[in-house]
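Since the structure comes first, as structure tokens, the remarks are kept for the end.
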Amino acid sequence: MSPMYRPVAESETSPVALTQRHSVVLEPYVDTRGWIQNAGFHLKRVAALEKGAIDGPKAVVLHRTQSSTIESPLKSFESGIGTHFIIDKDGAVHQCASLLMRTAHVGRIRSRCYESASCPVEEARMIKSWGWAPARLHDHEKSKTYPHRFPMNEDSVGVETVASFDGTSWERPTPAQEKSIKALIQLLQRLYGLTDSDVHEHDNISYKTPGEGDGLYSPSSAYGLPPLVQPRFPFPT
Ligand SMILES: [Zn+2]
């Protein structure tokens, strides 16, 4: 008789260890309110951060908190300035604002074409003639669409990593933070169709202490999420 088919009464009951499912793979998704589910994140909404509907998001901006713990940045989030995500020293990811909403985390942007020496000649000449004029430059840039300009609050997700600054250099992310940053970025890329070229370091696009976003994310990092498991049923929305 085939081992595959036995009359019911003749088969032995399977050992419990082989039949009890201890874990299942749950695909992370963004729920209808803009919160990431099934990723193990801590949902810690700070209502003051949410400033109205976001466009996209179309990019990710990486920040460091300039603090040794998560408490002080979380406190300052209540003033209305902060990011969607903050990654604690132990790698725990806290989502503090809905992904449907924009938050105030970028400030005034620099000129992308000017920084990369790719502006039309006349525009480059004009910007150069302004000298140090962040407000004027931001007003000029904001009329462009991403990615022709750097991302702004209106269209980017902010990610803070808890790390301090000693006046000279920024603290490296812990291995747990590196792993979480990578996983979060990969997830956002997957959810919103973004690429590594959409991941920006705050100090490269605005007027911040050099190095603030440096060394947090490397596309070649070995960390990351396992390959996407295709859901068998319609993706939750
Ligand atoms: Zn920043």
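Quick note: the sequence shown uses this note's numbering, first residue 22, plus one each step. Beta carbons: idealized from backbone N, C-alpha and C, even for Gly.
{"Check": "Within the present structure, is the beta-carbon of H84 separated from the nearest heavy atom of ligand 1 by less than 6 angstroms?", "Outcome": "yes"}
{"Check": "Between the alpha carbons of R133 and R170, how many angstroms are there, rounded?", "Outcome": "5 angstroms"}
{"Check": "Is H223 close to ligand 1? I mean its beta-carbon at under 6 angstroms from any heavy atom of the ligand.", "Outcome": "yes"}
{"Check": "Going by CA-CA distance only, name the one from H84, W56, S119 and L95 that's closest to E71.", "Outcome": "S119"}
{"Check": "Which value, in whole angstroms, describes the spacing of the CA atoms of S88 and S239?", "Outcome": "22 angstroms"}
{"Check": "Quick one: grab the DSSP three-state call for M173.", "Outcome": "coil"}
{"Check": "Relative to the C-alpha of P49, which candidate in G179, A69, Q210 and K163 has its C-alpha closest?", "Outcome": "Q210"}
{"Check": "On the premise that G234 lies in contact with L83, defined as a C-beta separation below 8 angstroms, what is that separation, rounded to the nearest angstrom?", "Outcome": "4 angstroms"}
{"Check": "Can you tell me whether DSSP reads R85 as helix, strand or coil?", "Outcome": "strand"}
{"Check": "7 angstroms is my cut-off, CB to CB: does S164 come that close to chain B?", "Outcome": "Here chain B cannot be found, since the structure has a single protein chain."}
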